[in-house]
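All remarks here apply to the structure that follows.
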Amino acid sequence: MAPVARVGLVATAKDFDEGYAAAARPTRRHELFTEVLGLPPEVEPNSFVTVDALERIARELRVGPGDRLVDLACGRGGPGLYLSRLTGADLVGVDFSAVAVAQAAERAPLFVPQGRARYRVGDLADTGLDDGCADAVLCIDAVQFAPDTDAAFREALRILRPGGRYVQTNWQVFDDKAAPSKFRELRFADKLASAGFTAIVVEDRPDLAAYVERVFRTSLEIDAEADDVAINRLRDEARIVLDWPDSVRRVLVIAERPCPAGAVHG
């Protein structure tokens, strides 16, 4: 994955295509994430989620068999597919990287039966999905990549059915001083409320931040081949992120699309 993208700067689909192409085969990077985050090896995430975090996310999504979960900026699909397997929900993954979408579709049978997961190329602010098609929407460590984050939240609301849940992980700035500029605008409670969400919770998760630090510090210490593109990209990212101030914190964000007045959702 392109290091500029992971720290929240400008990145293109081409940047991500190149990063995902480098991650197509098992690498020391995959082993590192599996070891530190405690994930099954098939997840192969590009994000910093642990098994415990995914289990909590599964509870917050409130989906089960017959429901549809949309995974925005799904990447190679691992976390969303793990949640689909865990909950029984059908999965639709959306990403602007055609390489990621192809890899996610190829990897889906590792997690769920044929037909339970499908993928499409789309943007955080323009998924191409129908209004109200999702029972829940997921976005792991990615909303900052949208050129217009307000438009991205409006799109998440549009595709979510009334009463449906939106869950994301990310970083949020709690003090603007010395914080990365891209993250200063990401006041999730304000942005989600402006988009029309309700029941918004932004939960500071220092335990998840500790795992991020472990991944990055370990990446700088381990032995790897000099031409290992994936681990070298991770090391480039580590040198930037480890210098972030303590005011940039790891958060779990939960919200709902409200039901119309007088409506009761069962």
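For the sequence shown, position 125 matches number 124 in numbering that gives the first Met the number 0, and the numbering has no gaps at all.
All residues carry an ideal CB built from backbone N, CA and C; glycine is no exception.
Buried or exposed by the 16-neighbour rule on C-beta atoms within 10 Å, applied to residue i
i: Ala-274; result: Since the displayed the chain opens at 0 and closes at 265, residue 274 lies outside it and no answer follows.
i: Glu-54; result: exposed
i: Ser-96; result: buried
i: Ser-193; result: exposed
i: Ala-4; result: Per-residue confidence for Ala-4 stands at a pLDDT of 40, beneath the threshold of 50, marking its modelled position as unreliable; the derived number appears in the next sentence. Ala-4 is buried by the Cβ-count criterion.
i: Asp-245; result: exposed
i: Glu-184; result: exposed
i: Gly-18; result: buried
i: Asp-125; result: exposed
i: Arg-216; result: exposed
i: Met-0; result: Unreliable placement is indicated for Met-0, whose pLDDT of 38 sits below 50; the coordinate value is still reported in the next sentence. Per the 10 Å Cβ criterion, buried.
i: Arg-238; result: exposed
CA nearest to the CA of residue i, picked from the options
i: Thr-49; options: Cys-258, Arg-249 and Ala-254; result: Arg-249
i: Gly-163; options: Asp-51, Asp-66 and Asp-16; result: Asp-66
i: Ser-46; options: Leu-68, Phe-196, Asp-235 and Phe-32; result: Phe-32
i: Val-100; options: Asp-125, Asp-226 and Leu-71; result: Leu-71
i: Gln-171; options: Glu-224, Leu-207, Arg-213 and Asp-16; result: Leu-207
i: Thr-168; options: Arg-204, Arg-157, Phe-15 and Ser-180; result: Arg-204
i: Val-91; options: Ala-150, Ile-158 and Ala-151; result: Ile-158
i: Arg-61; options: Gly-37, Asp-89 and Pro-39; result: Asp-89
i: Ala-151; options: Asp-222, Tyr-81, Gly-63 and Phe-187; result: Phe-187
i: Val-136; options: Gly-18, Gly-79 and Glu-212; result: Gly-79
i: Leu-241; options: Leu-219, Asp-226 and Leu-38; result: Leu-219
i: Asp-227; options: Asp-175, Phe-15, Asp-16 and Ala-20; result: Ala-20
i: Arg-115; options: Glu-41, Phe-144, Ala-155 and Pro-64; result: Pro-64
i: Val-247; options: Phe-173, Leu-233 and Glu-224; result: Phe-173
i: Leu-123; options: Arg-238, Ala-155 and Lys-181; result: Ala-155
i: Cys-73; options: Trp-243, Cys-138, Glu-224 and Gln-113; result: Cys-138
i: Asp-175; options: Arg-234, Trp-243 and Cys-132; result: Trp-243
Any non-hydrogen atom of the ligand ZN within 7 Å of residue i CB
i: Pro-257; result: Absence of the ligand ZN from the depicted structure is noted, as is the absence of any ligand whatsoever, leaving it without description.
Whole-Å CB distance - residue i paired with residue j, under 8 Å assumed
i: Ala-107; j: Gly-127; result: Their Cβ separation, rounded to whole angstroms, is 19 Å, which puts Ala-107 and Gly-127 out of contact at 8 Å.
i: Ala-229; j: Thr-11; result: About 19 Å; that fails the 8 Å criterion.
i: Val-35; j: Tyr-210; result: 6 Å
i: Asp-134; j: Arg-160; result: 6 Å
i: Asp-149; j: Val-98; result: In fact, because the Cβ distance is near 28 Å, the residues do not count as touching under 8 Å.
i: Lys-181; j: Gln-143; result: 6 Å
Neighbour flag for residue i against chain B, beta carbons, 8 Å
i: Glu-224; result: Here there is only one protein chain, and chain B is not present.
Check your understanding: Counting only runs that start and end within the region 57-89, where is the beta strand (DSSP E) found for 3 or more residues in a row?
Key -> 67-71
Review point. Below 8 Å, can you find three or more Cβ-Cβ pairs linking the region 119-128 to the region 74-88?
Key: no
Check your understanding: Hey, is the region 187-205 in contact with the region 253-262, meaning 3+ C-beta pairs nearer than 8 Å?
Key -> Segments in contact, yes.
Exercise for review: Would you list, in sequence order, the uninterrupted alpha helix (DSSP H) runs of no fewer than 4 residues that lie entirely inside the region 111-185?
Suggested key: 148-158 and 180-183
**Study point:** Runs of beta strand (DSSP E) lying entirely within the region 174-256, each at least 3 residues, in chain order
**Key:** 197-203 and 247-255
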